[in-house]
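Visitor: This is the structure I have questions about; it appears just below.
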Amino acid sequence: MTQGRNRKQQGNEKQSKRGRPVIRWIGYLVFAIAYICISTSLWIFHGPFPALKNYLIDSIDATRHGYLLRPLSLYTIPESVIKAHSLTNGLVSTTVPVAQITRRDYSNVKDGSIVHDTYQGQTFKADILLIRDPERVKVEATKYLNQHGETVQEMVKDTGAVAGINAGGFDDSSWRGTGAYPQGITMHDGKLVALTGSKTQPQPVIAFTQTGQMIAGAYSLPQLQNLGVTEAVTFGPVLIQDGKPVSTTNGYDRNPRTAIGQTADGTVILIVTDGRFATGPNDAGATYDDVKQLMLKYHAVIAANLDGGSSTTMIYHNQLLNKPVDILGERKVATSIIVMPESGGGVFG
Numbered sequence: 001m002t003q004g005r006n007r008k009q010q011g012n013e014k015q016s017k018r019g020r021p022v023i024r025w026i027g028y029l030v031f032a033i034a035y036i037c038i039s040t041s042l043w044i045f046h047g048p049f050p051a052l053k054n055y056l057i058d059s060i061d062a063t064r065h066g067y068l069l070r071p072l073s074l075y076t077i078p079e080s081v082i083k084a085h086s087l088t089n090g091l092v093s094t095t096v097p098v099a100q101i102t103r104r105d106y107s108n109v110k111d112g113s114i115v116h117d118t119y120q121g122q123t124f125k126a127d128i129l130l131i132r133d134p135e136r137v138k139v140e141a142t143k144y145l146n147q148h149g150e151t152v153q154e155m156v157k158d159t160g161a162v163a164g165i166n167a168g169g170f171d172d173s174s175w176r177g178t179g180a181y182p183q184g185i186t187m188h189d190g191k192l193v194a195l196t197g198s199k200t201q202p203q204p205v206i207a208f209t210q211t212g213q214m215i216a217g218a219y220s221l222p223q224l225q226n227l228g229v230t231e232a233v234t235f236g237p238v239l240i241q242d243g244k245p246v247s248t249t250n251g252y253d254r255n256p257r258t259a260i261g262q263t264a265d266g267t268v269i270l271i272v273t274d275g276r277f278a279t280g281p282n283d284a285g286a287t288y289d290d291v292k293q294l295m296l297k298y299h300a301v302i303a304a305n306l307d308g309g310s311s312t313t314m315i316y317h318n319q320l321l322n323k324p325v326d327i328l329g330e331r332k333v334a335t336s337i338i339v340m341p342e343s344g345g346g347v348f349g
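Residue 144 in full-length UniProt numbering is what sits at position 144 of the sequence shown, and the numbering runs on without skipping anything.
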């Protein structure tokens, strides 16, 4: 009996000894992971490369996941630094005073054609849609307003549109980036859909009047209404004004981009670019200057930047044309710019 207990005790001791190296190696692994995470965070946010820190902060803010910056920095980056990099600080580049805006009427355009084009740059691929009739272009907000967003594809399907791109910026409770609350001024068919901020203070907007004219800059809600605006979202900055590129203070980094413009004859230009190496090593993305030059290639007289990064999406004929960089695929957003069908117009691709 005693011998049996001794043999059992010896067996337990051997098992215990065999288990100790495993526990030790698990401890080493946990320590190594913690060390790498902490040292990497400190190196990025407090190391000798401020440009790297700024790029990371800007990129994460642009993806509407700013809530990650504090924990990623081990809570060593104050909120004031994060707010200083806020995307909304760079949305205004230039604004033409209301009294100086030349009013244009494209309501007589009856050409329903749409042209799909592609462009291959050195660091990005772009998809371009040219919509001849600007009155087909509308702003659509998520039908789950103040709850969560929808993908562009869902909004296109909801409305029966033939094409769509992501549009304005959005905020969410706890900065979770689910597309519940459109930023700034959102209008559709002449009605105010959503508003954050003041009605009387200018906000960066991309808008279309009831006669199909695109307007971009910082304008208040009363000013937009006086201009006859029926469709509007908040974003920016303006990239092209009066057929010339506008100086922008940021946007030098390469990212997926979404932009909208208009030519002198009223044709609306929708552009999305890939980026963040979504399609390969030569796919870093586009800068604002890249988009400006592409808009000028298609003869834009006015153009503006829309929300980009992981929000960038283009749908045409129920097909996703670009490759979104969000980890979950096509992202839910608050607003889209859609192209409604028009009888009698040709579609060319």
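Here a beta-carbon is modelled for each residue, glycine too, at the ideal position from N, C-alpha and C. No experiment lies behind these values; they were computed from the predicted model shown.
#1: Note down the Cα distance separating K125 from I165, rounded to an integer number of angstroms.
#2: Assuming T123 contacts A284 (C-beta within less than 8 Å), just tell me the rounded distance between them.
#3: Among the candidates P245, A161, N250, whose CA atom is the shortest distance from the CA of E342?
#4: If the criterion is Cβ atoms closer than 8 Å, does the pair A194 and V229 meet it?
#5: How would you label K292, buried or exposed, when you count the other beta carbons within 10 angstroms and need 16 or more for buried?
#6: Identify the continuous beta strand (DSSP E) that holds P316 and give its terminal residues.
#7: Can you tell me whether G266 is buried or exposed, with buried defined as 16 or more other CB within 10 angstroms of its CB?
#8: May I have the straight-line CA-CA distance separating L306 from A216, to the nearest angstrom?
#9: Can you give me the C-alpha to C-alpha distance between G243 and M295, rounded to a whole angstrom?
#10: Within 10 angstroms of the Cβ of S311, are there 16 or more other Cβ atoms? Answer buried if so, exposed if not.
#11: Could you check the C-alpha separation between A303 and G27 for me, to the nearest Å?
#12: Would you mind stating whether D111 and D127 have Cβ atoms separated by less than 8 Å?
#13: State the DSSP-derived secondary structure class of Y35, mapped to helix, strand or coil.
#14: Skipping 5 residues on each side, what residues in its chain have a beta carbon closer than 8 Å to that of S198?
#15: Under the assumption that F45 contacts T76 (Cβ atoms under 8 Å), give the Cβ distance between them as a whole number of angstroms.
#16: So for K191, helix, strand or coil by DSSP?
#17: In whole angstroms, what separates the C-alpha of T151 from that of L72?
#18: One question on the structure: do T196 and G168 come within less than 8 Å of each other, judged by their Cβ atoms?
Guide: The short version:
#1: 16 Å
#2: 4 Å
#3: A161
#4: no
#5: buried
#6: Rather than Pro, the amino acid found at residue 316 in this sequence is Tyr. Start and end: 314–316.
#7: buried
#8: 11 Å
#9: 9 Å
#10: buried
#11: 56 Å
#12: no
#13: helix
#14: S220
#15: 6 Å
#16: strand
#17: 27 Å
#18: no
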